[in-house]
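Accompanying notes for the structure given below.
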Amino acid sequence: RIKVVIVDDEPQSIHRLQDDLATLEDFEVIATSSSAVSAKNLVMSIQPDVLFIDVEMPGQTGFEVLQSLRDEIPMELIVVFYSAFDKYMIDALRASAFDFLLKPYQQDEFELVVDRIRQKMKDGDDVDEDASSVPESSSCSSESVLASQKAQDFSGMNGMLGTAAKRLAIQTISGY
1 RIKVVIVDDE PQSIHRLQDD LATLEDFEVI ATSSSAVSAK NLVMSIQPDV
51 LFIDVEMPGQ TGFEVLQSLR DEIPMELIVV FYSAFDKYMI DALRASAFDF
101 LLKPYQQDEF ELVVDRIRQK MKDGDDVDED ASSVPESSSC SSESVLASQK
151 AQDFSGMNGM LGTAAKRLAI QTISGY
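To convert, note that position 4 of the sequence shown is 4 in the working numbering; the numbers rise steadily by one, no gaps.
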């Protein structure tokens with residue numbers, strides 16, 4: 001099961017998200033918090049697969065919480081920001097969010113995010129497998145395989161930004 005933590009200062013938003021996730025057999029809400037200040041300790045102790053976090057909360061923003069966790073959480077943590085304000089979408093992308101839900105969210109938007117999370121969890125180890133499967137004599141480096149995977153992850157957010165990511169090239173020591 002996919003372990004979820006929800007952090008939001010609005011109880012009705014927590015309950016709606018918790019109720020929607022409870023209908024899914026493969027998701028389990030392990031904990032919720034209405035405090036951004038306690039969110040860091042909660043995430044550190046539970047080590048969830050997915051963190052749904054509001055942006056605007058008393059004491060700290062969701063972005064500040066994520067920044068404080070940056071060096072202490074596994075890179076595999078899937079972070080979904082959700083907010084009543086679409087002005088935070090670009091900031092969420094820059095904070096390496098996996099996705100963004102606009103409150104109050106529509107059921108089809110929720111299902112899209114859940115399906116993307118499932119796919120990411122299913123493919124979670126594929127990045128390492130892809131990188132290790134590149135032959136040493138290959139003209140592309142393992143870094144370009146990893147960049148390709150990141151481009152696929154980014155292109156999945158095209159609905160959020162309204163544009164599609166076509167190609168991502170990152171120059172490495174050995175070229176592109």
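Built from N, CA and C at the ideal position, the CB exists for glycine as well.
Roughly how far, in whole angstroms, is the beta-carbon of ILE117 from the beta-carbon of VAL7, given that I think they are within contact range, below 8 Å? The beta-carbon separation of ILE117 and VAL7, rounded to 16 Å, does not stay under the 8 Å limit for a contact.
Might you give, ordered along the chain, the residues of its own chain that have their beta carbon closer than 8 Å to the beta carbon of ILE2, omitting 5 neighbours on each side? So the list reads ASP26, PHE27, GLU28, ASP49, VAL50, ILE117, ARG118, MET121, once near-sequence residues are dropped.
Given this structure, state the Cα-to-Cα distance separating VAL43 from SER83, to the nearest angstrom. Near 19 Å, if we compare the C-alpha coordinates of SER83 and VAL43.
Just the C-alpha distance for VAL65 and ASP71, rounded to the nearest angstrom, thanks. Roughly 12 Å between the two C-alpha positions.
What's the C-alpha gap between ASP9 and PRO104? Going from the Cα of ASP9 to the Cα of PRO104 covers about 14 Å.
Determine which residues share a DSSP beta bridge with ILE53 and list them. DSSP, once it has assigned bridges, lists VAL7, PHE81 as partnering ILE53.
Output the distance between the C-alpha atoms of ILE46 and ILE73, rounded to the nearest integer angstrom. The straight-line gap from Cα to Cα measures roughly 11 Å.
Given that a residue counts as buried once 16 or more other Cβ atoms are within 10 Å of its Cβ, and exposed if not, what is VAL37? Exposed is the call here.
VAL79 versus ASP108, LYS87, GLN67, residue with shortest Cα-Cα distance: Measuring from the Cα of VAL79, the nearest candidate turns out to be GLN67.
Just mark ASP99 as buried or exposed, buried being the case when its beta carbon has 16 or more other beta carbons within 10 Å. Buried is the call here.
Under the three-state reduction of DSSP, which class applies to SER33: helix, strand or coil? Of the three classes helix, strand and coil, the one that applies to SER33 here is strand, per DSSP.
Whole-angstrom distance between PRO58 and PRO11, CA atom to CA atom: It is roughly 14 Å from the alpha-carbon of PRO11 to the alpha-carbon of PRO58.
Are the beta-carbon atoms of ALA31 and ILE53 separated by less than 8 Å? Result no, Cβ atoms of ALA31 and ILE53 do not sit closer than 8 Å.
Checking the sheet assignment: what are the DSSP bridge partners for GLU109? When DSSP reads this structure, GLU109 sits in no beta bridge, so it has no partner.
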